[in-house]
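S.K.:
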Amino acid sequence: MRDTRDRDVFGILLVLYSLILYPILRADRYYNDDLKRALVGRAGWDSNGRPLTTLVMRMLQGYDHAMVDISPLPQIGAIALLAWVGVLMARRYSIGSSWMAALAAFPLGAQPFYLENLSFKFDALSMSLAMLLAVLPMLQLSDGRRAWWLGVLALWGSLCFYQPAINAYLVFVLVEWVCLQLQREQPSQLTRKFIGRFMQFGMAMLLYYLLVGIHVSGWVKHASERIHGWRELPLLLTNFVDFYGYVGASFNGHWWMYFGPLLAVLALFPVVVGIRYALAFRAAQPAPVTVLLGLAALFVPLAALVAALGPMLLLHKPEIGPRVLMGLGALLAGALVVMQAALHQWHGSRKWAVAAACMLSLGMCILASAYGNAATAQKDYEGRIAGRLADDLAQLKASRGVHAFVLDGTAGYSPVTAHVIEQLPLVRDLVPQYLTSDHSFQAPDFLAFYISDMTNLQAHDVAAPSLLPSLHARTCLMPADIVTAHYRLYVLGDTAVVRLLAPGGSPECIDGKGD
């Protein structure tokens, strides 16, 4: 019987996740680091503190010294892993309905910010492996010393695949706390288990730091700098506000009008559960214990918001972007689990939980489709410009002896992409621009797919960005050698300056002189 239900939950989630993944696969756009990895096969995961990602990709590809693009296999594997997490959730929380179990687990990998994680052709599998290992101690491993240490090992593995996934564990610790309150676990046992979970987390973090963290280097090491001393503790609040300010600004007012009340209702369930629990034990416990349990219930929603960010709050300058917000999926999934468990315990109709889960799922599918269309439009838009630019530079190389080029400005977003961004601001971060002088590594890597016989100064000359203002000023005093709808091309000696124009942008120079 359980095997049949497991297959049902797994199958339903595979279909649901396919609705999220298909728009990404249809867009078929190399995503950020994918550009260089697809071209030269360099990973860089070891220096980022992700050695198990390197190991898995080496084993999967069986390569010698460089990777090749084998997508969409890693992305398909990623949603299969997420579907299996749904099976484990259904078992752990005894969710009787296969559809309810699938819908409750769906936000883990379908929440809007996880779209970036699934967009990485090389990283999607390891990020989902990190998610699986992060929640494994809560969903699969039983109590006992051996299980406790296996849980530490699982959390350590999660960190070695992708560090932000560990926040999902912290969220599910709170889910366990609320579910045990529903089961009327004794306060002493509840507290003991809660402390044991955080000791498990602390041990995993310590092992990771000693074995892996001390070897992290480069930009990641700088971005992982922790706050120092009591004087910098206010940064915790600053980081919290910045993270959730970013989340709030990622959606327009209408989306918050639709989903804000639902999220507020979901947040109330653990509060009500906690208060009922405190009142149920008030006769058997001292008054201070009852008060503490009541206060703890009031602070569960805030604690969940903190847990979803986890150790990132302790960083001096945390990276704020969609891919690190993996804890938000656990937050939504955990809230749905609590809602359906509470309704079952109180003999209420689970149809309310199904309705809430369906509403969230529909919103996530809509956003994924809009994102996929925006990414497709941007890929086609930048591809056309880069292809035309490659032909023009080849012509100048043959006729004028041009051997190098540099970008100035940005090609902006395609009209379709810009429209989607206007309605769904999150898409701005989900669809990066590649034809721009603002991003030093994206534009050179992207143009390397089109231009291979000419030097891109932004990729080979560290002084190129500082030269742009003077080059721009010089081109303002001369007519363009080639004029297109998307750029003006100027020849200065053996170097071509490509002044990109965003849609609707003016070809005039900043000093007012035109072409």
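For the sequence shown, numbering that gives the first Met the number 0 assigns the number 0 to the initial residue and increments by one for each residue that follows. Virtual Cβ for every residue (Gly too), placed ideally from N, Cα, C.
I'd like the list of long-range same chain contacts for D510, defined as Cβ closer than 8 Å, with 5 residues on each side in sequence excluded.
M.R.: The pLDDT assigned to D510 is 44, lower than 50, so where the model puts this residue is not dependable, and the model offers no usable value.
S.K.: Pairs of beta-carbons, one from the segment 65-81 and one from the segment 316-323, closer than 8 Å: are there three or more?
M.R.: no
S.K.: Touch check for the segment 144-152 and the segment 98-111: three-plus C-beta pairs under 8 Å?
M.R.: no
S.K.: Could you give the residue range of the beta strand (DSSP E) that holds F404?
M.R.: 403-408
S.K.: Report the residue ranges of all alpha helix (DSSP H) runs contained in full by the segment 433-463; include only those spanning at least 4 residues, in chain order.
M.R.: 441-446, 456-459
S.K.: Per DSSP, T494 is paired with what?
M.R.: A403, L491
S.K.: Going residue by residue through the segment 96-147, where are the continuous alpha helix (DSSP H) segments of at least 4 residues, counting only ones entirely within it?
M.R.: 97-104, 106-109, 113-118, 123-138
S.K.: Less than 8 Å between the beta carbons of K378 and A26, yes or no?
M.R.: yes
S.K.: Can you tell me where the alpha helix (DSSP H) with V272 in it begins and where it stops?
M.R.: For V272, the enclosing alpha helix (DSSP H) stretches over residues 252-279.
S.K.: Out of G10, S125, R90, point me to the one whose CA is closest to T53's CA.
M.R.: S125
S.K.: Would you call the CB atoms of P317 and N251 closer than 8 Å?
M.R.: no
S.K.: Is it right to say K350 is buried, meaning 16 or more other beta carbons lie within 10 angstroms of its own, or is it exposed?
M.R.: exposed
S.K.: Curious, which full-length alpha helix (DSSP H) runs of at least 4 residues does the segment 13-45 contain?
M.R.: 33-39
S.K.: Would you identify the three-state DSSP class for R49, choosing helix, strand or coil?
M.R.: coil
S.K.: Between L128 and V55, which are expected to be in contact by the criterion C-beta below 8 Å, what is the C-beta distance as a whole number of angstroms?
M.R.: 7 Å
S.K.: Start and end of the alpha helix (DSSP H) containing V211?
M.R.: It is not in any alpha helix (DSSP H) - V211 carries neither H nor E in the DSSP assignment.
S.K.: Based on Cα-Cα distance, which residue from M358, R49, H459 lies nearest to Y207?
M.R.: R49
S.K.: For Y245 and L262, I'd like the C-alpha separation in whole angstroms.
M.R.: So the two alpha carbons sit approximately 17 Å from each other.
S.K.: By Cβ distance, which residues of its chain are closer than 7 Å to A203, with the 5 residues on each side in sequence left out?
M.R.: V151, L154, W155, L158
S.K.: If you draw a straight line from the C-alpha of K120 to the C-alpha of H485, how long is it?
M.R.: If you draw a straight line from the Cα of K120 to the Cα of H485, it is about 29 Å long.
S.K.: Compute every distance between the C-beta of P260 and the non-hydrogen atoms of the ligand MN, then say whether any falls below 7 Å.
M.R.: With respect to the ligand MN, the structure offers nothing, as it holds no ligand at all.
S.K.: For G195, which option in S141, L102, D391 has the closest C-alpha, if you only look at C-alpha atoms?
M.R.: S141
S.K.: Does the beta-carbon of E421 have 16 or more other beta-carbons within 10 angstroms, so that it is buried, or is it exposed?
M.R.: exposed
S.K.: Between which residues of its own chain and A403 is the CB-CB distance below 6 Å, once the five residues before and five after are set aside?
M.R.: Cβ neighbours of A403 beyond the five flanking positions: T454, L456, T494.
S.K.: How many Å lie between K528 and R427 at the Cα?
M.R.: This structure does not reach residue 528, given that the chain is present from 0 up to 514, and the question cannot be answered.
S.K.: Would L169 and L20 qualify as a contact pair, given that the criterion is a beta-carbon distance under 8 Å?
M.R.: Cβ atoms of L169 and L20: not closer than 8 Å.
S.K.: Excluding sequence positions up to five away, which residues of its chain have a Cβ less than 8 Å from the Cβ of D336?
M.R.: Per the sequence shown, residue 336 should be read as Val rather than Asp. Result list for V336: M88, Y92, I94, A103, V174, C178, in chain order.
S.K.: Per DSSP, what are the beta-bridge partners of I384 in this structure?
M.R.: Paired residues: none, contrary to the question.
S.K.: Rounded to a whole number of angstroms, what is the C-alpha to C-alpha distance between L388 and A329?
M.R.: 44 Å
S.K.: Give me, in chain order, the residues of the same chain whose beta-carbon lies closer than 6 Å to that of C364; leave out the 5 immediate sequence neighbours on both sides.
M.R.: L18
S.K.: Among W254, F268, H214, S469, whose alpha-carbon lies nearest the alpha-carbon of V299?
M.R.: F268
S.K.: Helix, strand or coil for Y486 per DSSP?
M.R.: strand
S.K.: DSSP beta-bridge partners for R225?
M.R.: L314
S.K.: Please report how far the alpha carbon of D452 lies from the alpha carbon of P502, in whole angstroms.
M.R.: 28 Å
S.K.: Note down the Cα distance separating L488 from F440, rounded to an integer number of angstroms.
M.R.: 22 Å
S.K.: Under a three-way DSSP split, which group does I481 fall into?
M.R.: strand
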